[in-house]
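Just below is one structure, and these are the notes that go with it.
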Amino acid sequence: MAAGWACWIAFINQLLTTLATTNSLRILILGSGGREHAFAWKLAQSKRCAQLFIGPGNAGTSAYGQNVPIDPLDFLAVKKLVLENQIDMVVVGPEEPLVRGIWDYFQAHESLKKIPLIGPSKAGAVLEGSKAWSKQFMLRHKIPTAAYQEFTAETLEAGLAYLKSHALPIVLKADGLAAGKGVVICQSHAEAAAEMREMLDGKFGTASARVVVEEFLTGIEFSVFVLTDGKTYKILPEAKDYKRIGEGDTGPNTGGMGAVSPVPFVDALMWQKVEDRVIRPTVEGLRKEKIPYKGFIFFGFISVGGEPLVIEYNCRMGDPETEVVLPRLKNDLLTLFENCAKGTLGRVKIRTDKRTATTVFLVSGGYPGDYEKGKVITGLDLVKDGIAFNAGTTIKGGQCVTAGGRVIALTSLGKDIPSALRKSNRNANVIQFEGKNFRRDIGKDLMDS
Ligand code: AMP
Ligand code: GLY
Numbered sequence: 126m127a128a129g130w131a132c133w134i135a136f137i138n139q140l141l142t143t144l145a146t147t148n149s150l151r152i153l154i155l156g157s158g159g160r161e162h163a164f165a166w167k168l169a170q171s172k173r174c175a176q177l178f179i180g181p182g183n184a185g186t187s188a189y190g191q192n193v194p195i196d197p198l199d200f201l202a203v204k205k206l207v208l209e210n211q212i213d214m215v216v217v218g219p220e221e222p223l224v225r226g227i228w229d230y231f232q233a234h235e236s237l238k239k240i241p242l243i244g245p246s247k248a249g250a251v252l253e254g255s256k257a258w259s260k261q262f263m264l265r266h267k268i269p270t271a272a273y274q275e276f277t278a279e280t281l282e283a284g285l286a287y288l289k290s291h292a293l294p295i296v297l298k299a300d301g302l303a304a305g306k307g308v309v310i311c312q313s314h315a316e317a318a319a320e321m322r323e324m325l326d327g328k329f330g331t332a333s334a335r336v337v338v339e340e341f342l343t344g345i346e347f348s349v350f351v352l353t354d355g356k357t358y359k360i361l362p363e364a365k366d367y368k369r370i371g372e373g374d375t376g377p378n379t380g381g382m383g384a385v386s387p388v389p390f391v392d393a394l395m396w397q398k399v400e401d402r403v404i405r406p407t408v409e410g411l412r413k414e415k416i417p418y419k420g421f422i423f424f425g426f427i428s429v430g431g432e433p434l435v436i437e438y439n440c441r442m443g444d445p446e447t448e449v450v451l452p453r454l455k456n457d458l459l460t461l462f463e464n465c466a467k468g469t470l471g472r473v474k475i476r477t478d479k480r481t482a483t484t485v486f487l488v489s490g491g492y493p494g495d496y497e498k499g500k501v502i503t504g505l506d507l508v509k510d511g512i513a514f515n516a517g518t519t520i521k522g523g524q525c526v527t528a529g530g531r532v533i534a535l536t537s538l539g540k541d542i543p544s545a546l547r548k549s550n551r552n553a554n555v556i557q558f559e560g561k562n563f564r565r566d567i568g569k570d571l572m573d574s
């Protein structure tokens, strides 16, 4: 009798294991920043995540899966990796593979076609890949944004004439991807004219063959993120990032020195405006224009006197925004991605942690200018009450060393900005590497709002 029971139990266990493995996925994350570490951290929490591969990843992502030394822009290498490792889902972190058409590459190959890839088609990624296209899209769909004109080398004289009568300051934007450096805010007409000539003369290569001249907006910035399956969308927690290198928002722009979520001034009325005037028209606009889009849309806003205007679209999540958004997301990220891929996002309800998340980026001395790499990082084991999302880190000779400008994002949760920030800053102090720099004032401008 006992042997009979044992047999049944073994059989049921076997069945459960088989069900669990058939239902679990092998996932490839492309990218190597703090955003990708946050994706890996969150996906690894899913019961149905069988194995993670991160290409190329960083020292932090290797704790959750296997780092694979590949270039996300080398689509053939991605294809080989996906097929050799029986990958079931690909999550694309950065914009460049998307703008270059990795989704379309998957669609064009019979062996890859059925593998869900989280990220838009090339036609959708153009929302980020061409500022001129995104401005035209916003005009077509009556989405509020700054007034603008666009010029090329052929229309340089008209462009220079246009600048002369433009109010100061003047915002010039290279049309294409320019590694975050393509926006220049000019304080004089002479500076704007010189900048326009330089841009059209190839300052950012083909990315500045077309230049958008935009009205300068005065207000406070915030960012909103949605995941869309092309039919519907789910709104994720909003965030504010801190782009300038120096405290008090001074000095040159960086990729982002820290972020906060939620943003206190984004209240119910602001959400309503954002959703009605921008999010819904954007997703509907993409659908009406038959642009395949299963992925993230990042909306960059400036609130001008309480009115949200779009200053940019990105076709991916933000970095360091992801490092504060995902820690506040209670949903299983893998389930969200599966519903996104299947077109069933409408079934999902987003659940959010009400606490505040802050993240503080430790950067290399000299960044965003020249900086040295290979500095030994110590104190990672002393991080408490928070997560150290790695970005520019790698393992060399068994040690964790710096490998980029932005090195580690220290995220903490707290009941409000001061309590979260205290923890992030404490952790920022305990990690050491030569030349370490960070801002201690992340979120301080929001504390009394
Ligand atoms: P982007 O590279 O599009 O993220 O722009 C970089 C930064 O330039 C933004 O975060 C804003 O601070 C600023 N910016 C862009 N467009 C405008 C605008 N129309 N008015 C004022 N500031 C702007
Ligand atoms: N933190 C800004 C971005 O990801 O574009």
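Numbering (my numbering), first residue to last: 126 to 574. Ideal Cβ placement from N, Cα and C applies to all residues, glycine included. Because the structure is a prediction, the values reported are computed rather than measured.
Nearest by alpha-carbon distance to residue i: which of the options is it?
{"i": "Val403", "options": "Val309, Phe426, Gly327", "result": "Phe426"}
{"i": "Leu155", "options": "Gly284, Ser236, Ala202, Asn148", "result": "Ala202"}
{"i": "Ala528", "options": "Glu559, Gly330, Glu363", "result": "Glu559"}
{"i": "Phe285", "options": "Leu302, Gly305, Pro387, Glu316", "result": "As written in the sequence, residue 285 is Leu, which differs from the Phe given in the question. The shortest C-alpha separation from Leu285 is found at Glu316."}
{"i": "Ala250", "options": "Glu282, Val217, Leu281", "result": "Val217"}
{"i": "Lys498", "options": "Leu470, Tyr367, Pro387, Gly530", "result": "Gly530"}
{"i": "Asn554", "options": "Thr375, Ala393, Val308, Lys509", "result": "Lys509"}
{"i": "Gly180", "options": "Tyr189, Ser157, Phe200", "result": "Ser157"}
{"i": "Ala163", "options": "Ser149, Asn148, Ala184", "result": "Ala184"}
{"i": "Ser386", "options": "Glu409, Gly373, Phe350, Lys398", "result": "Phe350"}
{"i": "Gly523", "options": "Glu409, Ser187, Phe421, Arg476", "result": "Ser187"}
{"i": "Glu161", "options": "Asn378, Pro445, Lys419", "result": "Pro445"}
{"i": "Tyr492", "options": "Thr277, Arg369, Ile137", "result": "Arg369"}
{"i": "Leu454", "options": "Lys474, Asn464, Ala466", "result": "Lys474"}
{"i": "Glu200", "options": "Lys548, Leu281, Leu223", "result": "It should be pointed out that residue 200 corresponds to Phe in this sequence rather than to Glu. Cα-wise, what sits closest to Phe200 is Leu223."}
{"i": "Ala303", "options": "Pro417, Phe329, Leu206, Thr536", "result": "Phe329"}
{"i": "Pro389", "options": "Leu252, Asp570, Leu198", "result": "Asp570"}
{"i": "Lys204", "options": "Glu221, Gln191, Ile240", "result": "Ile240"}
{"i": "Ala334", "options": "Leu281, Gly380, Ile360", "result": "Leu281"}
{"i": "Ser236", "options": "Lys467, Pro219, Gln211", "result": "Gln211"}
{"i": "Pro452", "options": "Ala135, Leu168, Ile134", "result": "Leu168"}
{"i": "Ala318", "options": "Thr343, Ser290, Gln232, Ala165", "result": "Ser290"}
How about residue i and residue j: do their beta carbons lie closer than 8 Å?
{"i": "Thr481", "j": "Gly383", "result": "no"}
{"i": "Leu459", "j": "Arg151", "result": "no"}
{"i": "Ala516", "j": "Ile533", "result": "yes"}
{"i": "Lys260", "j": "Thr270", "result": "yes"}
{"i": "Gly305", "j": "Ala332", "result": "no"}
{"i": "Trp258", "j": "Ser246", "result": "no"}
{"i": "Asn562", "j": "Gly490", "result": "yes"}
{"i": "Asn439", "j": "Phe423", "result": "yes"}
{"i": "Asp354", "j": "Asn456", "result": "no"}
{"i": "Ala364", "j": "Gly443", "result": "yes"}
{"i": "Leu177", "j": "Val193", "result": "no"}
{"i": "Ser544", "j": "Val485", "result": "no"}
{"i": "Glu372", "j": "Arg564", "result": "yes"}
Can you check DSSP and say which residues form a bridge with residue i?
{"i": "Cys525", "result": "Ile520"}
{"i": "Arg531", "result": "Val488"}
{"i": "Ser428", "result": "Ile345, Pro433"}
{"i": "Phe423", "result": "Phe350, Asn439"}
{"i": "Cys311", "result": "Ile295"}
{"i": "Glu339", "result": "Tyr273, Val296"}
{"i": "Asn192", "result": "Ile179"}
{"i": "Met214", "result": "Ile152"}
{"i": "Ser358", "result": "Correcting the residue type first, residue 358 is Tyr in the shown sequence and not Ser. Note: Tyr358 sits in a beta bridge opposite Thr353."}
{"i": "Ile537", "result": "The question names Ile, but residue 537 is Ser in the sequence shown. DSSP output for Ser537 lists Thr483 as bridge partner(s)."}
{"i": "Lys365", "result": "Val385"}
{"i": "Asn562", "result": "Val488"}
Residues in the same chain with beta-carbon distance under 6 Å from residue i, minus the five sequence neighbours each way, listed in chain order, please.
{"i": "Arg225", "result": "none"}
{"i": "Val215", "result": "Leu153, Leu242"}
{"i": "Gly471", "result": "Thr357"}
{"i": "Glu320", "result": "Leu297, Val309, Cys311"}
{"i": "Gln274", "result": "Tyr287, Val338"}
{"i": "Ile436", "result": "Gly425, Ile427"}
{"i": "Trp130", "result": "none"}
{"i": "Ala248", "result": "Ile416"}
Which residues in the same chain have their Cβ closer than 7 Å to the Cβ of residue i, if we skip the five residues on either side of it in sequence?
{"i": "Leu144", "result": "Any reading at Leu144 must be qualified, since the residue scores a pLDDT of 49, below 50, and its modelled position is unreliable; the value itself is stated next. Answer for Leu144: no residue qualifies."}
{"i": "Leu505", "result": "Ala513, Cys525, Ile556"}
{"i": "Asn568", "result": "Before going on, a small fix: residue 568 reads as Gly here, not Asn. Excluding sequence neighbours, Gly568 sits near Val385, Thr483, Ile542, Leu546."}
Just to confirm my understanding: we take residue i, look at its own chain, exclude 5 residues before and 5 after, and list those with CB closer than 8 Å. What are they?
{"i": "Pro294", "result": "Ile310, Cys311, Gln312, Phe341"}
{"i": "Thr146", "result": "Residue placement at Thr146 is flagged as unreliable, the pLDDT there being 46, under the threshold of 50; a coordinate-derived value is accordingly withheld."}
{"i": "Met395", "result": "Ser428, Gly431, Pro433"}
{"i": "Pro406", "result": "His266, Lys267, Ile268"}
{"i": "Ile137", "result": "none"}
{"i": "Thr518", "result": "Asn183, Ala184, Gly185, Ile502, Cys525, Val526, Thr527, Ala528, Gly529, Val532, Ile533"}
{"i": "Val336", "result": "Glu275, Phe276, Thr277, Gly284, Leu297, Lys298, Ala299, Asp300, Met321, Met324, Leu325"}
{"i": "Gly327", "result": "Ser333, Ala334"}
query = In chain order, what residues place their C-beta within less than 5 Å of a heavy atom belonging to the ligand GLY?
reply = Asp366, Gly381, Gly443, Asp444
request  = Under 5 Å from any heavy atom of the ligand AMP, by CB: list those residues in chain order, please.
outcome  = Ala271, Val296, Val308, Glu339, Phe341, Leu342, Ile436, Glu437
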